[in-house]
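Numbering of the sequence shown is given in the numbering used here, commencing with residue 8 and proceeding in unit increments.
Built from N, CA and C at the ideal position, the CB exists for glycine as well.
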Amino acid sequence: MRVPPGTVWPVVHEERRRLVADLSVLDDEQWGTPSLCTGWDVHDVVAHLVDSAKTTRLGFVRRLVAARFDFDLDNARGVERERRNDPQETLRALTDATELTCTPPANLATRLVEAIVHGEDVRRPLGIRAGYPTAAVMVALEYQLRTGVSMGGGKELAQGVRLVAEDAGTSWGEGDEVRGSALDLLLAVSGRATGPALPGR
8 MRVPPGTVWP VVHEERRRLV ADLSVLDDEQ WGTPSLCTGW DVHDVVAHLV
58 DSAKTTRLGF VRRLVAARFD FDLDNARGVE RERRNDPQET LRALTDATEL
108 TCTPPANLAT RLVEAIVHGE DVRRPLGIRA GYPTAAVMVA LEYQLRTGVS
158 MGGGKELAQG VRLVAEDAGT SWGEGDEVRG SALDLLLAVS GRATGPALPG
208 R
């Protein structure tokens, strides 16, 4: 299922702006807080978001070839490239990238996954609460449920269970029920160790 660009980019741009605003008051210690994304601190995640926002289709292919099709290596190189010595400079780089509409050769729903999941990767450890458009969360969640783990999704993580989004009146799959908000389910199927526990995680 392809997502119309007109329904994705306004949400992505707004989420980038909101994240910049939330992080603009952090002190140096908070920038070093471990995120929900294993191995990355808050500063690393923001650097990744800058890199992701600037990644074009052709650039992604070239980089992946250079990384010998190792997604983790490509991501690590992207963080290293965009992570400034001063976290505020990295945050300014994200501000500068706010309105970009670059994307790798993937479903546009991945842009919603990036914006929402990585937003929570840094907000939750920092104790920052945020709401997201339910429709956008649902698009991201449904994409993750269709996509294998090897491609950044969570299809295998949700096998054998029935996911119930209590705030959206929607469910997926069959098996033992796993209940939560659509956002918590999105984080769970994205491999984050928070919210509902999935048997495949």
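Range covered by the beta strand (DSSP E) that runs through residue 183: Run containing residue 183: 183 to 187, per the beta strand (DSSP E) assignment.
Cβ shell of residue 176 (< 8 Å), same chain only, five flanking positions each side left out: Nothing meets the Cβ criterion.
Please name the residue, chosen from 101, 138, 153 and 62, that lies closest to residue 27 on a Cα-to-Cα basis. Selection 101, 138, 153 and 62 evaluated against residue 27 yields 101 as nearest (Cα-Cα).
So is residue 204 buried or exposed if we call it buried at 16+ other beta carbons inside 10 Å? By the Cβ neighbour-count rule, residue 204 is exposed, with fewer than 16 other Cβ atoms within 10 Å of its own.
Compare the beta carbon distance of residue 36 and residue 58 with 9 Å and say whether it is the shorter of the two. Cβ distance not < 9 Å, so residue 36 and residue 58 don't count as in contact.
Counting pairs of Cβ atoms below 8 Å between the segment 42 to 53 and the segment 123 to 141, do you hit three or more? Flag = yes, the segment 42 to 53 and the segment 123 to 141 touch.
Assuming residue 129 is part of the alpha helix (DSSP H), what are its boundary residues? Following the DSSP letters along the chain, one finds residue 129 inside the alpha helix (DSSP H) bounded by residues 116 to 133.
Please report the residue range of the alpha helix (DSSP H) in which residue 178 lies. DSSP places residue 178 outside any alpha helix (DSSP H); the residue lies instead in the beta strand (DSSP E), whose first and last residues are 177 to 179.
Tell me whether residue 193 counts as near the ligand GTP, meaning its Cβ is closer than 8 Å to at least one heavy atom of that ligand. Absence of the ligand GTP is noted for the structure shown, with no ligands found whatsoever.
Beta strand (DSSP E) containing residue 172: first to last residue? Unbroken beta strand (DSSP E) run through residue 172: 168 to 172.
Can you give the Cα-Cα distance for residue 171 and residue 188, rounded to whole angstroms? Residue 171 and residue 188: Cα-Cα distance of roughly 8 Å.
Whole-number beta carbon distance between residue 25 and residue 105, since they are thought to touch under 8 Å: In fact, because the Cβ distance is near 10 Å, the residues do not count as touching under 8 Å.
With DSSP as the reference, please indicate the residues paired to residue 41 in a beta bridge. Paired residues: 48.
Spatially closest choice to residue 99 from 32, 195 and 180, by CA coordinates: For residue 99, the nearest C-alpha among the options comes from 32.
Look up residue 61 in the DSSP assignment and say whether it is helix, strand or coil. Per DSSP, reduced to three states, the secondary structure at residue 61 is helical.
Under a Cβ-count criterion, where at least 16 other Cβ atoms within 10 Å of its own Cβ denotes burial, should residue 151 be classed as buried or exposed? Label assigned to residue 151: buried.
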